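Reading through the structure tokens given below for one structure.
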Amino acid sequence: MVAMHIDILTLFPDSINAVMGESILGRAQKNDIIRIEAHQIRSYTKNRQMQVDDYPYGGGQGMLMQVQPLYDCWADVCRQAGRRLHTVFLSAAGRRFTQADAIRLKDEHERFILVCGHYEGVDERFIEECVDEEISVGDFVLTGGELPAMTVADAVCRLVPGVLADPSCFRDESHYSGLLEYPQYSRPENWHDMHVPPVLLSGNHGAIARWRRKEALRRTLLRRPDMLERFTPDKRDRQLLDELRAELGDGEAAD
Ligand SMILES: C[S@@+](CC[C@H](N)C(=O)[O-])C[C@H]1O[C@@H](n2cnc3c(N)ncnc32)[C@H](O)[C@@H]1O
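If you want this note's numbering, it's the 1-based position in the sequence shown plus 73.
Right, dumping it as structure tokens:
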């Protein structure tokens, strides 16, 4: 059995398979660590034209995904799983997705469903009956839920043990512990007259760890002071923040 199984209900399974079958997630699927399965909603229509959309009651622009094919697709996936699966609808009107949601979905569900809307969205009765939570990937509107669903699936799957080489790969990253990640460099040491910070070449692991922590705090302070308000610094962090505020002066370091 795989460690994480995500079912994506979509009108465009090929686009999901093309992206999710590549690189790290593609390899993890080949190694049976995770499974990302795209299901074609259109296969569940009962009309000859295989139409999945219709006009919204009350009038207005655009078409809406009808409840019947969507529900039958969802029910079939739950039947295959042998139980009602936790179901997420990707929606511009949903709660904004964060790293904490990725961790929660990974911890609480070994299998769940992502539903992609299209056109003007889906019949509200499907949401009322089948959906446990609505997630938005940001305050903007896309043409379909495929990119948001792949965003959520990617963020969740890379946290599954065995998908990345080492858990420190994601633990040090932006958002995992409430800070943005420090800047990183690779070869060459000098490029366009820009030099790699000397401490990173020193071989002094203590000094490197201190520099990285300070730069993570600097970035967060300058770019995302809202994140720093929710962050609980330890003694060393407080000292580094004092140093940064002294270096930056009152104007630059937003409090
Ligand atoms: C054109 S949008 C529909 C927007 C909808 N009429 C509204 O105003 O909220 C079509 C589909 O794309 C997906 N979508 C668009 N923007 C999204 C976002 N920011 N986050 C998650 N899903 C989104 C949803 O599945 C949605 O049903």
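We put the beta carbon where it would ideally sit given N, CA and C, even for glycine. Just so it is clear, the structure is predicted and the values come from calculations on it, not from any experiment.
Margin query: What ranges does the alpha helix (DSSP H) occupy inside the segment 211 to 266, keeping only unbroken runs of at least 4 residues that lie completely in it?
Written below: Here the runs fully enclosed are 219 to 230 and 241 to 244.
Checklist line | Three-way DSSP call (helix, strand, coil) for V75 in this model | finding: Judged by DSSP in its simplified three-state form, V75 adopts coil rather than helix or strand.
Check: Between P234 and A76, is the Cβ-Cβ spacing less than 8 angstroms?
Finding: Yes. Within cutoff.
Notebook entry, point to check: What residues match up with T305 in a beta bridge as DSSP calls it?
Noted result: For T305, DSSP records no beta bridge to any residue.
Note to self: Quick check on the DSSP output: the alpha helix (DSSP H) that includes L178 runs from which residue to which?
What the structure shows: Residues Q172 to E181.
Margin query: Quick check on S275: does DSSP put it in helix, strand or coil?
Written below: The answer is coil: DSSP assigns S275 none of H, G, I, E or B.
Next item on the list: Would you tell me roughly how many angstroms separate the C-alpha atoms of T216 and A226, rounded to the nearest one?
Entry: Going from the Cα of T216 to the Cα of A226 covers about 18 angstroms.
Next item on the list: Work out the CA separation of D307 and R260 for me, nearest whole Å.
Entry: Answer to the nearest angstrom: the Cα atoms are 33 angstroms apart.
Next item on the list: Please classify L313: does DSSP put it in a helix, a strand, or coil?
Entry: DSSP places L313 in helix when its eight states are reduced to three.
Next item on the list: Indicate, with yes or no, if ligand 1 has a heavy atom lying under 7 angstroms from the CB of H191.
Entry: Ligand 1 approaches H191 closely enough that one of its heavy atoms is under 7 angstroms from the residue's Cβ.
Note to self: Can you confirm whether the segment 281 to 292 touches the segment 241 to 260 when touching is taken to mean that 3 or more C-beta pairs between the two stretches lie within less than 8 angstroms?
What the structure shows: Short answer: they touch.
Margin query: Short of 6 angstroms in beta carbon distance, which residues of its chain neighbour T224, apart from the five on each side in sequence? Order them along the chain.
Written below: Excluding residues within five positions, the ones whose Cβ falls inside 6 angstroms are V210.
Next item on the list: Report, in whole angstroms, the separation of the C-beta atoms of L84 and H191, which I expect to be a contact under 8 angstroms.
Entry: With a Cβ gap of about 5 angstroms, L84 and H191 count as contacting.
Notebook entry, point to check: When burial is assigned at 16 or more other CB atoms within 10 Å of the CB, is D80 buried or exposed?
Noted result: Label assigned to D80: buried.
Next item on the list: Evaluate Y128 with the Cβ neighbour count: other Cβ atoms within 10 Å of its Cβ, from every protein chain shown; 16 or more gives buried, anything less gives exposed.
Entry: That one is exposed.
Checklist line | Heavy atom of ligand 1 within 7 angstroms of L163 beta-carbon | finding: Of the heavy atoms belonging to ligand 1, at least one sits nearer than 7 angstroms to the Cβ of L163.
Checklist line | Inter-residue Cα distance where the pair is R177 and H265 | finding: Distance between the alpha carbons of R177 and H265: 43 angstroms.
Item checked: Endpoints, the beta strand (DSSP E) within which L187 is located -> Bounds of the beta strand (DSSP E) holding L187 are R184 to C189.
Check: Beta carbon of S88: closer than 7 angstroms to some heavy atom of ligand 1?
Finding: Answer for S88: no, Cβ out of range of ligand 1.
Next item on the list: May I ask you to verify whether the segment 86 to 102 touches the segment 230 to 248, counting CB pairs closer than 8 angstroms and requiring at least 3?
Entry: Here the segment 86 to 102 lies against the segment 230 to 248, with 3 or more beta-carbon pairs under 8 angstroms apart.
Note to self: Please report the straight-line C-alpha distance between Y258 and P298, rounded to a whole angstrom.
What the structure shows: Answer to the nearest angstrom: the Cα atoms are 25 angstroms apart.
Margin query: Contact between the segment 152 to 169 and the segment 181 to 200 is defined here as three or more beta-carbon pairs at a separation below 8 angstroms; is this criterion met?
Written below: The segment 152 to 169 makes contact with the segment 181 to 200, as at least three CB pairs between them are under 8 angstroms.
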